[in-house]
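S.K.: Protein chains in written order, with UniProt numbering: chain A, 1 to 198; chain B, 1 to 198. Beta carbons: idealized from backbone N, C-alpha and C, even for Gly.
#1: Can you tell which of 177/B, 101/B, 127/B has its C-alpha closest to the C-alpha of residue 108/B?
#2: Since residue 47/B and residue 10/A should fall inside the 8 Å C-beta cutoff, what is the C-beta to C-beta distance between them, to a whole number of angstroms?
#3: Would you please state the rounded distance, in angstroms, between the beta carbons of residue 137/A and residue 64/A? I believe it to be under 8 Å.
#4: Suppose the cutoff is 6 Å on Cβ atoms and the five residues either side in sequence are ignored; what does the same chain contact list for residue 112/A look like?
#5: Please report the residue range of the beta strand (DSSP E) in which residue 138/B lies.
#6: Would you say residue 14/B lies against chain A (beta-carbon separation less than 9 Å)?
#7: Name the chain B residues that come within less than 9 Å of residue 201/A, Cβ to Cβ?
#8: Taking Cβ to Cβ, would you say residue 139/B is nearer than 9 Å to residue 156/B?
#9: Would you call the CB atoms of residue 29/A and residue 21/B closer than 9 Å?
#10: Which residues of chain B have a Cβ atom closer than 7 Å to the Cβ of residue 90/A, listed in chain order?
#11: Where does the unbroken alpha helix (DSSP H) through residue 147/B begin, and where does it stop?
#12: In angstroms with no decimal places, state the Cα-to-Cα distance between residue 89/A and residue 42/A.
#13: Under 8 Å Cβ-Cβ, which residues of chain B neighbour residue 45/A?
#14: Determine, using beta carbons only, whether residue 126/B comes closer than 9 Å to chain A.
#15: Could you tell me if residue 192/A is buried or exposed, where buried requires 16 or more neighbouring beta carbons within 10 angstroms of its beta carbon?
#16: Run through chain B and tell me which residues come within less than 7 Å of residue 170/A, C-beta to C-beta.
#17: Taking the alpha-carbon positions, what's the residue 106/A to residue 62/A distance?
#18: For chain B, find out if any of its Cβ atoms is closer than 9 Å to the Cβ of residue 107/A; answer yes or no.
#19: So, at 8 Å on beta carbons, what are the nonlocal neighbours of residue 1/A in its own chain, with the 5 sequence-adjacent residues on each side left out?
#20: So residue 101/B packs on residue 78/B, CB below 8 Å; how close in whole Å?
#21: Thinking just about the alpha-carbon of each residue, which of 66/A, 14/A, 60/A is nearest to the one in residue 54/A?
#22: Quick one: give me the first and last residue of the alpha helix (DSSP H) that residue 72/A is part of.
#23: Which parts of the segment 104-142 of chain A are runs of the alpha helix (DSSP H), unbroken and 4 residues or longer, counting only runs that do not cross its ends?
#24: Output yes or no for whether 9 Å exceeds the beta carbon distance between residue 143/B and residue 85/B.
#25: Apply the 10 Å Cβ neighbour rule to residue 203/B and answer buried if 16 or more other Cβ atoms are within range, or exposed otherwise.
#26: Comparing the C-beta of residue 70/B with each C-beta of chain A, is any distance below 9 Å?
#27: Less than 9 Å separating the beta-carbons of residue 15/A and residue 7/A?
#28: Could you say which of 117/A, 56/A, 159/A lies nearest to residue 129/A if we only look at CA atoms?
#29: Helix, strand or coil for residue 182/A per DSSP?
#30: Quick one: which chain B residues come within Cβ less than 7 Å of residue 77/A?
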């Protein structure tokens, strides 16, 4: 890349591999790091390495953790009879912030024939094993309200249905603070379907 | 941050310190790195450290470089009588892409009384020294067309003016591919002022 030093160029290329980071943001981030104190930049680099070295998947819920079982699965204060099934570890983060007090099961993907992802590629076998071993009373299907997320939820419902465990699906509707005017029609019809007495 | 492993949480915090990276993108980037191959993630971390360890400021133009003088200043094919003055090293990158064949001088900031940045905080003394030592025939003032960039250009014009060196300012006007309808009035009036025979 023309008159730019090699180490600058190399880091710009690395940043560009990250999702949502284009050539301009990659350059901006790189030049920002140049101006940051050395200790802080090194701590950042070490945090990246630690992420890969210290984390593994929890053998119970398949969430990302430094311990196995993870500290949600090994906690004494969580309601282990409610298992919330999510697509990705990132979604555990979101649900934790919302105050959910049950435990999780991370599928690590969704069923997506177009991308060659079938049920056998997800942590579904592990989920069935948990249902046999643990005392689970409710499965909350919290895959995304997308086509693939819905298909995966539907697949799990059919698969687990015969086990007579209560299965619920997170609600779809208007986001809090949202505006009817800007909601798409599918979301609106879901919000209507899911209406409750008031 | 609730039920999230320490190394994940730490890296999210580091990402959040970068410009334009909010809590959600920081989490997304972190979880993306978890899925990336270990070698690639380690190469990324090493590139960050290299950036700080291998780069320094060129003693001539104050651009960021691995060598001193930088390979623009030490190149035999550049026109060293034209010096383009920019605010930040990142802008050298942009100008290099545009095909500029002179050399640079990086101020490392703009005059900004509100942020307590005066002329003495910028590489202006170094620029004056270059004007004494080197055979420079033209100074291209390429600070940004912002209030602070204009003020800095004006300051340099007054300071260097008496030395009877040709001074030019990059043109302001409509961006290529832009639309008159969406241009702000100041840009439009600049575009009109700067009109040329056609």
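M.R.: Here's the rundown:
#1: Walking along the second chain from the start, residue 108/B turns up at place 108. Here the closest residue by C-alpha is 127/B.
#2: For this step, residue 47/B is matched to residue 47 along the second chain. For this step, residue 10/A is matched to residue 10 along the first chain. Yes, they are in contact, since the Cβ atoms of residue 47/B and residue 10/A sit about 5 Å apart, within 8 Å.
#3: Within the first chain, numbered from 1, the residue matching residue 137/A stands at position 137. Within the first chain, numbered from 1, the residue matching residue 64/A stands at position 64. So it is not a contact: roughly 26 Å between Cβ atoms.
#4: Here residue 112/A refers to the residue found at position 112 when the first chain is read from its first residue. Hits under 6 Å: 148.
#5: As a first step, residue 138/B must be located in the second chain, where it is residue number 138. Taken as a continuous stretch (DSSP letters only), the beta strand (DSSP E) holding residue 138/B covers 138-141.
#6: Numbered from 1 along the second chain, position 14 holds the residue referred to as residue 14/B. At least one chain A Cβ lies under 9 Å of residue 14/B.
#7: What the structure shows of chain A is the stretch from 1 to 198, and residue 201/A is not part of that stretch, so it cannot be assessed.
#8: Here the question's residue 139/B lines up with position 139 in the second chain. Here the question's residue 156/B lines up with position 156 in the second chain. Yes, they are a contact pair.
#9: By one-based count along the first chain, residue 29/A stands at place 29. By one-based count along the second chain, residue 21/B stands at place 21. Their beta carbons are under 9 Å apart, which means residue 29/A touches residue 21/B by this criterion.
#10: Translated into the one-based positions of the first chain, residue 90/A becomes position 90. Neighbours of residue 90/A on chain B, chain order: 27, 28, 31.
#11: As a position in the second chain, residue 147/B is number 147, starting the count at 1. 147-160 is the extent of the alpha helix (DSSP H) around residue 147/B.
#12: Locating residue 89/A in the first chain gives position 89, counting from the first residue. Locating residue 42/A in the first chain gives position 42, counting from the first residue. Distance between the alpha carbons of residue 89/A and residue 42/A is about 26 Å.
#13: As a position in the first chain, residue 45/A is number 45, starting the count at 1. Near residue 45/A (Cβ distances below 8 Å), the residues of chain B are 45, 46, 48, 49.
#14: To locate residue 126/B, count along the second chain from 1; it is residue 126. It does not; no Cβ of chain A falls within 9 Å.
#15: Sequence index remark: in the first chain, residue 192/A carries index 192 (1-based). Its Cβ having fewer than 16 others within 10 Å, residue 192/A is exposed.
#16: The count along the first chain starts at 1 and reaches residue 170/A at position 170. Going along chain B, no residue has its Cβ under 7 Å from residue 170/A, so there is no contact; the nearest lies around 18 Å.
#17: Translated into the one-based positions of the first chain, residue 106/A becomes position 106. Translated into the one-based positions of the first chain, residue 62/A becomes position 62. Residue 106/A and residue 62/A: Cα-Cα distance of roughly 5 Å.
#18: Within the first chain, residue 107/A is the residue found at index 107, counting from 1. Output row for residue 107/A: interface = no.
#19: For the purposes of this step, residue 1/A is taken as residue 1 along the first chain, with counting starting at 1. Low confidence applies to residue 1/A: its pLDDT is 48, below 50, so where it sits in the model is not reliable enough to give any reading.
#20: Your numbering for residue 101/B matches position 101 in the second chain. Your numbering for residue 78/B matches position 78 in the second chain. The Cβ separation is near 6 Å, so the contact holds.
#21: As a first step, residue 54/A is located in the first chain; it is residue number 54 there, counting from the start. Nearest C-alpha to residue 54/A: 66/A.
#22: As a position in the first chain, residue 72/A is number 72, starting the count at 1. Element bounds for residue 72/A: n/a, residue is neither H nor E.
#23: 124-133
#24: Counting from 1 along the second chain, the entry for residue 143/B is found at position 143. Counting from 1 along the second chain, the entry for residue 85/B is found at position 85. Yes, the Cβ-Cβ distance between residue 143/B and residue 85/B is below 9 Å.
#25: The shown model of chain B, from 1 to 198, leaves out residue 203/B, and the question about it has no answer.
#26: As a first step, residue 70/B is located in the second chain; it is residue number 70 there, counting from the start. It does; some Cβ of chain A falls within 9 Å.
#27: Counted from its first residue, the first chain places residue 15/A at position 15. Counted from its first residue, the first chain places residue 7/A at position 7. It is not a contact, given that the beta carbons lie outside the stated cut-off.
#28: Working through the first chain from its first residue, we reach residue 129/A at position 129. That would be 159/A, whose Cα lies nearest to the Cα of residue 129/A.
#29: For the purposes of this step, residue 182/A is taken as residue 182 along the first chain, with counting starting at 1. Residue state, collapsed to three classes: helix.
#30: The residue given as residue 77/A occupies position 77 in the first chain. The premise fails here: residue 77/A is roughly 11 Å from chain B at the closest Cβ pair, so nothing lies under 7 Å.
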